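Working notes for the structure below.
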Amino acid sequence: MIEFADNDILKLDERFAQEDIPFHARPFRAAMEILGDQFSIGVGGNPQVREIEQAYERLIPEVKFTWPGMGTGLAASADRVRKVTIGVVFGTVNMTVDKGLGFSGHQEWAAWCRGDRKIAERSAFAFADMHDLVYGINRGAQHKNTLTLWGLAAEQLKLVAESLSQSGSIGSAVLQPICLTAELAMKGTLLHLGVPEKDLKNPKLFGHNLNKLGERMAKDSSHRDDALLLPALNKFPGYVGGRYKETPLTRLEIIALALDAQFVAASAVRRISGEDMASQMEAAAGARGNFFP
0 MIEFADNDIL
10 KLDERFAQED
20 IPFHARPFRA
30 AMEILGDQFS
40 IGVGGNPQVR
50 EIEQAYERLI
60 PEVKFTWPGM
70 GTGLAASADR
80 VRKVTIGVVF
90 GTVNMTVDKG
100 LGFSGHQEWA
110 AWCRGDRKIA
120 ERSAFAFADM
130 HDLVYGINRG
140 AQHKNTLTLW
150 GLAAEQLKLV
160 AESLSQSGSI
170 GSAVLQPICL
180 TAELAMKGTL
190 LHLGVPEKDL
200 KNPKLFGHNL
210 NKLGERMAKD
220 SSHRDDALLL
230 PALNKFPGYV
240 GGRYKETPLT
250 RLEIIALALD
260 AQFVAASAVR
270 RISGEDMASQ
280 MEAAAGARGN
290 FFP
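Residues 0 to 292 (numbering that gives the first Met the number 0) are what the sequence shown spells out, left to right.
Quick look at the structure:
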């Protein structure tokens with residue numbers, strides 16, 4: 000048996016950070032290095048592999064929550080925002096909304112929704128949007144920069160979810176990542192659809208104009224979402240000119256914008272990827288427009 004201490008793992012983690020090894024890969028790598036030729040997995044493998052991985056998770060919890068393909072989104076109950084992490088899973092999984100949103104079961108989810116069916120359905124659609132965005136990004140896209148832009152949109156959404164899930168006051172700073180979530184996702188889709196990158200950067204054609212991006216996306220790849228997507232984009236502020244000004248929007252209004260941005264990003268991706276849990280929600284609950292203003 001190989002002996003190791005917490006300090007051994009911490010020293011390895013410092014080295015792994017310098018080598019830019021992703022968090023999720025570090026426990027397994029540490030087990031390989033500590034055990035050397037005694038490293039063995041599978042049937043009859045060395046049980047110390049899991050022991051080292053568990054010690055690593057205890058000391059550096061981030062390794063458990065940073066798997067590639069994971070994405071973060073948000074759901075809301077009035078002005079309470081829940082940050083939700085969606086993980087890419089393999090095989091057949093019976094996925095339920097309550098568990099997907101991180102609740103222990105239906106009763107806890109219903110209590111968070113205040114027993115209000117509209118809040119519950121809105122949170123279900125929010126979960127579907129997160130799912131379609133995260134899983135859709137992992138589907139192949141023809142243009143190499145499409146995945147980059149979709150990934151950047153997901154990163155902006157994560158910033159939004161982390162900011163709004165805090166109970167304190169929020170200001171204009173969060174509007175930029177909200178708008179960028181929608182913008183980057185739509186630009187990624189338009190790139191896939193054949194719109195030249197130079198046109199997307201041209202302020203006279205598109206620039207940061209979300210309405211123009213949405214209209215072109217709906218024209219080039221129409222989708223049932225368009226009836227809600229285009230009106231939603233009309234609500235977004237011009238964040239470039241207003242980013243140095245305090246916003247007059249209330250917390251509730253900013254949360255509504257964030258959910259719209261999540262919807263726009265998911266819609267942009269699902270019309271290319273074909274990943275469409277939202278359609279299942281509509282089949283079960285009714286048209287999305289019944290639950291969103």
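Cβ atoms here follow ideal geometry from the backbone N, Cα and C, with glycine treated the same way.
As the structure is a computational prediction, the values presented were derived from the model and not from experiment.
Pair within 8 Å by beta-carbon distance, residue i and residue j
i, j, result
"G213", "M185", "yes"
"F290", "K117", "yes"
"S272", "R138", "yes"
"L174", "P247", "no"
"A160", "L132", "no"
"S76", "S122", "yes"
"S73", "A257", "Going by the sequence as given, residue 73 is Leu instead of Ser. Cβ atoms of L73 and A257: closer than 8 Å."
"L148", "L183", "yes"
"L192", "S220", "yes"
"I59", "D12", "yes"
"R269", "G135", "yes"
"L232", "L209", "yes"
"F3", "I40", "no"
Where residue i sits in the DSSP three-state scheme
i, result
"L190", "helix"
"K82", "strand"
"S162", "helix"
"T147", "helix"
"G70", "strand"
"A75", "strand"
"P230", "helix"
"T180", "helix"
"S168", "coil"
"R116", "helix"
"M129", "helix"
"N137", "coil"
"D224", "coil"
"H142", "coil"
"L289", "Per the sequence presented here, residue 289 reads as Asn, with Leu not at that position. In the structure shown, N289 sits in a helix (DSSP, three-state: H, G or I)."
"K200", "helix"
"M185", "helix"
"A99", "According to the sequence displayed, residue 99 carries Gly and not Ala. Helix at G99."
"D36", "helix"
"M94", "coil"
"G206", "coil"
"G44", "coil"
"E245", "coil"
"D7", "helix"
Exposed unless 16 or more other CB atoms sit within 10 angstroms - verdict on residue i
i, result
"Q47", "buried"
"A282", "exposed"
"Q155", "buried"
"D115", "exposed"
"L9", "exposed"
"K197", "exposed"
"P202", "exposed"
"I177", "buried"
C-alpha distance - residue i paired with residue j, whole-angstrom precision
i, j, result
"Q37", "K98", "39 Å"
"W111", "R14", "43 Å"
"L251", "M280", "24 Å"
"I1", "G44", "14 Å"
"L189", "H105", "39 Å"
"N144", "G187", "7 Å"
"F22", "A29", "11 Å"
"K244", "A172", "9 Å"
"H130", "D275", "8 Å"
"A24", "G285", "42 Å"
"R49", "D5", "15 Å"
"L199", "T84", "30 Å"
"M216", "A267", "8 Å"
"I20", "R113", "43 Å"
"T71", "E120", "19 Å"
"G249", "G101", "The amino acid occupying residue 249 in the given sequence is Thr; Gly does not appear at that position. Looking at the two C-alpha atoms, the distance is approximately 27 Å."
"T180", "A264", "6 Å"
"G35", "V96", "43 Å"
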